[in-house]
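Data block below; observations after.
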């Protein structure tokens, strides 16, 4: 302002003006939303469902993840020694393998012990007792150092197999790899689905915002003529979008919490039945925070897009 | 000072303005008249940079409007107070908030703003209606709120497009008297109107447009 009356306005710094204009836009937009609670609630619900569904799936995948290392820990290798190897030689082999860099621990299992364990696990103890000789060799149970990649594990298996006095190495790791890949695929599927649903939420929001903008067409035209900058015109709608998005995010977080509370009982019982020390991991604080931030970003973005489109059409007239 | 130099504006085959030369002095009050379609609104739109001329130059206090970049256009427009024919008040807020709108845009502090809004409403005689909804006011009162909004930020220029178009003669002359009052304190006033019987009683220049050309300019 270069008019003489502009002096008192200049006591306000640009930052203060900016803050005040934001405060006014934020309050006005908030009040307008609260004046129409049903319509606002429906928008929140649309956003919430679009966000809650993929995040529930993502949470499921994340709950499966920690079980995998548990299973990997059971990825021990059974090293069957040659049948003629006696106890002293077996302990010598154990001593050597224990020093390998990729090996965490080696437990020696005598053929007698192996037989009785096998008997216990299969319930065939009496039958086995009737055998005239123990068919099992001495065995070393080798625990690889974790985490171990597939290729490292295969290398370790190869080295063990070529070691003197070793007959064969038994390791069933393929199902683990399969489970791992399944989880990776599942995660990608969830991300793709989530991306599609978030896009849907943006489009739904942009359409709702377009209507909100059109309802204030008169105001936009007036403000434009009397010197409101595009940023000033856009500001209330950005806040409307922000409230729609963030509100939807909060509602999505509540849905996720409700869902995990509902599932905690049966899922934890399931963990117990599988002798797993695991427990259902709820959404914690990261999920609600991420959902709220994501929702707010979606809302801001959608309203930016909607205002941009509207203004361009307005200018073109 | 506002200068139009050979300004033309074409819309397809139609010439809304043709080689218009026109000068409005600083502190002057002038009427622009002519039939509808004569180019009155186009002239005001060009002045407010709501539209750009097809050819020719417009200078405001010596500044070429062609050289005003789009991000500076809002600031440029704040130098003008604009009164619309249909007053264009916003019915979702009080009279006070309507009048305060230009001050919010320009970034006045709330206290300063409230003081100026009351001063402007006082000038148009509507201080008692400060917190009324404009929808509850009569047509003449609504137009006076529109004028208060146009002058509240104390613009250098006051532009009015058919401000009395919907009002009876009594209210119309009241509105014109308001414009004259602002002109007397130094504001340059430009009023587009076809209410010849009203403006012929006032002693100000009348600029007549006809098919986008200057048909005649009478000085008082």
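Chains as they are written, first to last, in our numbering: chain A, -15 to 301; chain B, 5 to 224. Even for Gly, the Cβ is constructed at its ideal location relative to N, Cα and C. Keep in mind that this is a model prediction, so the values were computed, not measured.
Any C-beta of chain B under 8 angstroms from that of residue i
i	result
residue 5 of chain A	yes
residue 45 of chain A	no
residue 179 of chain A	no
residue 292 of chain A	no
residue 13 of chain A	no
residue -8 of chain A	Per-residue confidence for residue -8 of chain A stands at a pLDDT of 46, beneath the threshold of 50, marking its modelled position as unreliable; the derived number appears in the next sentence. Residue -8 of chain A counts as touching chain B.
residue 216 of chain A	yes
residue 210 of chain A	yes
residue 8 of chain A	yes
residue 133 of chain A	no
residue 202 of chain A	yes
residue 277 of chain A	no
residue 285 of chain A	no
residue 34 of chain A	no
residue 244 of chain A	no
Nearest residue (CA-CA) to residue i, options the options
i	options	result
residue 124 of chain B	B/182, B/89, B/113, B/171	B/182
residue 13 of chain A	A/73, A/49, A/163, A/228	A/228
residue 31 of chain B	B/49, B/17, B/5	B/5
residue 103 of chain B	A/276, A/249, A/206, A/225	A/206
residue 120 of chain A	A/208, A/105, A/95	A/95
residue 24 of chain B	B/16, B/188, B/60	B/60
residue 36 of chain A	A/275, A/291, A/258	A/275
residue 98 of chain B	B/137, B/179, B/133, B/77	B/137
residue 57 of chain B	B/15, B/67, B/96	B/15
residue 149 of chain A	A/71, A/289, A/174	A/71
residue 153 of chain A	A/169, A/125, A/175	A/125
residue 161 of chain B	B/178, B/34, B/22	B/34
residue 64 of chain A	A/3, A/48, A/155	A/155
residue 44 of chain A	A/208, A/170, A/218, A/254	A/170
residue 190 of chain B	B/155, B/210, B/211	B/155
residue 176 of chain A	A/41, A/6, A/264	A/41
residue 204 of chain A	B/94, B/144, B/213, B/168	B/94
residue 299 of chain A	A/255, A/209, A/103, A/283	A/209
residue 147 of chain B	B/157, B/159, B/86, B/219	B/86
residue 129 of chain B	B/178, B/108, B/113, B/115	B/178
residue 264 of chain A	A/273, A/81, A/246, A/281	A/246
Min CB distance residue i to chain A below 8 angstroms
i	result
residue 78 of chain B	yes
residue 106 of chain B	yes
residue 73 of chain B	no
residue 123 of chain B	no
residue 179 of chain B	no
residue 86 of chain B	yes
residue 82 of chain B	yes
residue 16 of chain B	no
residue 52 of chain B	yes
residue 111 of chain B	yes
residue 94 of chain B	yes
residue 210 of chain B	no
Buried/exposed call for residue i, threshold 16 Cβ in 10 Å
i	result
residue 111 of chain B	buried
residue 208 of chain B	buried
residue -7 of chain A	Any reading at residue -7 of chain A needs caution, since the residue's pLDDT is 47, under 50, leaving its predicted position unreliable; the model's value is listed next. Looking at its Cβ environment, which holds 16 or more other Cβ atoms inside 10 Å, residue -7 of chain A is buried.
residue 166 of chain B	buried
residue 183 of chain A	exposed
residue 250 of chain A	exposed
residue 303 of chain A	Because chain A here runs from -15 to 301, residue 303 of chain A falls outside it and cannot be looked at.
residue 70 of chain B	exposed
residue 199 of chain B	buried
residue 38 of chain A	buried
residue 39 of chain B	exposed
residue 201 of chain A	exposed
residue 10 of chain B	exposed
residue 292 of chain A	exposed
residue 269 of chain A	exposed
residue 217 of chain A	buried
residue 271 of chain A	buried
residue 22 of chain A	exposed
residue 97 of chain A	exposed
residue 37 of chain B	buried
Near the ligand PLP: residue i beta-carbon under 7 angstroms from a heavy atom
i	result
residue 140 of chain A	Here there are no bound small molecules, and the ligand PLP is not part of this structure.
Ignoring anything shorter than 3 residues, give me the beta strand (DSSP E) runs that lie fully in the segment 6 to 78 of chain A, in order along the chain.
61 to 65
Cβ contact (3+ pairs, closer than 8 angstroms) linking the segment 230 to 240 of chain A and the segment 87 to 104 of chain B
no
For the pair the segment 72 to 87 of chain B and the segment 43 to 61 of chain B, tell me if three or more CB-CB distances fall below 8 angstroms.
yes
Cβ contact (3+ pairs, closer than 8 angstroms) linking the segment 115 to 131 of chain B and the segment 39 to 46 of chain B
no
Should the segment 181 to 200 of chain A be called in touch with the segment 29 to 44 of chain A, which here means at least 3 C-beta pairs below 8 angstroms?
yes
Tell me the start and end of each unbroken beta strand (DSSP E) in the segment 37 to 115 of chain B that is at least 3 residues and wholly inside, in chain order.
59 to 64, 84 to 87
Could you tell me which whole alpha helix (DSSP H) segments of length 4 or greater appear in the segment 105 to 169 of chain B?
114 to 127, 143 to 155
Is there contact here, the segment 13 to 27 of chain A with the segment 213 to 226 of chain A, by at least three beta-carbon pairs under 8 angstroms?
yes
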